[in-house]
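The structure appears below as structure tokens.
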Amino acid sequence: MTTETANIHFEVHGQQHMLPVEFELGEQPLRAILPVARQLAERLTTLAIEQVEAEGKSISCRAGCGACCRQLVVITLTEAEVLADVVAALPAEQQAAMRAKFAAGIKQLESAGMLDPAEEPGTRSFLSDVADQFALAVADVGRRYFSQQIACPFLVNESCGVYAERPLVCREYHVTSPAADCSNLYQIGVDRVTSDVNMGGYVTRTLHQLADQPMQMIPLILALEWAASRSARQARTIDGLTLVQALVTEIGKGPQLPGN
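Numbering follows the working numbering, in which position 41 of the sequence shown is assigned residue number 41; successive positions increment by one, without gaps.
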């Protein structure tokens, strides 16, 4: 494989930036979009952090502070596939323990009335008490999920156990408010570092355009059952440069909710 570097132009907080991104030339699996998206997410997040630090604020996130790892984490289908492969590659005993964590979390959500146990695994969605407005329903599900305090199955000693493969949304999430506030997210609230780019949404849109993947993202806790429900994975490949260009094109279109 030959690695190339693309310099991608972004305007962030009124300033122009050229962000270098490495990618592989030639035919690539669709999941090759993730390393590119991760680089962009991390570089854009760094710029956002530099902005808040210039305002006299500081990031309070630290290793061992895992309160955010009990929030509802929504990931791309490609990330779900990758994380399922990570679990499948674990030694048998560790794999069984990891799958048990996922199963326990799902069982708790079923008991809380947030998942329908009669619905087919791999196709189900969270149930909301708010049915008439999408934005309110999403907020309701996030609040109810957090109240369950289900730790991410990959959390080890309050730190990420799959740091290299952690989802895009986790790479983008930082706060400047006191770390103690994160445990009281819906009572006190937190001061998030905001970025203009929600990379997971752009990855979803890009793969929908290139490979007709569903305009869908799923909760991390459902990643294994979603992956297990797939009869076959897309074996399609695509040129690496085309993949990068398509992602940058989608980012240039600006934010848009999946399905719109």
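Just so you know, even glycine gets a beta-carbon here, dropped at the ideal spot from N, CA and C.
Per-residue DSSP class, three states only, for Asp140: Three-state result, Asp140: helix.
Nearest candidate by alpha-carbon position, reference Gly200, set Ala103, Thr76 and Arg230: If we check each option's Cα against that of Gly200, Thr76 comes out closest.
Between the region 117 to 127 and the region 213 to 231, do at least 3 Cβ pairs fall closer than 8 Å? Short answer: they touch.
Exposure of Tyr145, with buried meaning 16 or more beta-carbon neighbours within 10 Å: By the 10 Å Cβ count, Tyr145 comes out buried.
Cβ-based neighbour list, Val130, same chain, cut-off 6 Å, excluding 5 preceding and 5 following: Leu136, Ala137 and Asp140.
Could you tell me if Pro20 is buried or exposed, where buried requires 16 or more neighbouring beta carbons within 10 angstroms of its beta carbon? Here Pro20 is exposed, its C-beta having fewer than 16 other C-beta atoms within 10 Å.
For Ser147 and Gly26, I'd like the C-alpha separation in whole angstroms. Those two C-alpha atoms are separated by around 46 Å.
Val193 beta carbon less than 8 Å from that of Ile33: For Ile33 and Val193, no; Cβs fall outside 8 Å.
Mind reading off the beta-carbon distance from Glu22 to Thr2? Whole number of angstroms is fine, and I expect it under 8 Å. So it is not a contact: roughly 11 Å between Cβ atoms.
CB-CB under 6 Å to Ala41, same chain, minus the five flanking residues each way: which ones, in chain order? Result list for Ala41: Leu168, Arg171, Glu172 and Met199, in chain order.
Based on DSSP bridge pairs, tell me the residues matched to Val156. Per DSSP, Ser159.
Local conformation of Asp239 per DSSP, three classes: DSSP places Asp239 in strand when its eight states are reduced to three.
For my contact list, Asp196 and Val12 are in at a C-beta cut-off of 8 Å; report their separation, rounded to the angstrom. With 8 Å as the limit, Asp196 and Val12 qualify as a contact, their Cβ atoms being about 7 Å apart.
Could you pull out every residue in the same chain whose Cβ sits closer than 6 Å to the Cβ of Ser128, ignoring the five residues on either side in sequence? The residues are Ala137, Asp140 and Val141.
Helix, strand or coil for Glu53? Go by DSSP, reduced to three states. In the three-state DSSP reduction, Glu53 falls in the helix class (H, G or I).
Would the region 174 to 183 and the region 82 to 91 be scored as touching if the rule is three or more Cβ pairs under 8 Å? Of all C-beta pairs linking the region 174 to 183 to the region 82 to 91, fewer than three are shorter than 8 Å, placing the two stretches out of contact.
Assigned secondary structure, Gln95 (DSSP; H/G/I helix, E/B strand, else coil): Of the three classes helix, strand and coil, the one that applies to Gln95 here is helix, per DSSP.
Span of the beta strand (DSSP E), counted from its first residue to its last, around Leu19: Gln15 to Glu24 is the span of the beta strand (DSSP E), which, as asked, contains Leu19.
Assuming Gln28 is part of the alpha helix (DSSP H), what are its boundary residues? Where Gln28 is concerned, there is no enclosing alpha helix (DSSP H), although the beta strand (DSSP E) it sits in stretches over Glu27 to Pro29.
Contact check, Thr204 vs Gln28 under 8 Å by CB: the rounded distance? Contact between Thr204 and Gln28 does not hold, since their C-beta atoms are separated by about 18 Å, which reaches or exceeds 8 Å.
Leaving out five residues before and five after His288 in sequence, what residues of the same chain have Cβ atoms less than 6 Å from its Cβ? No answer is possible for residue 288: the residues shown for the chain start at 1 and end at 260.
Lys107 versus Leu247: straight-line alpha-carbon distance, rounded: Lys107 and Leu247: Cα-Cα distance of roughly 36 Å.
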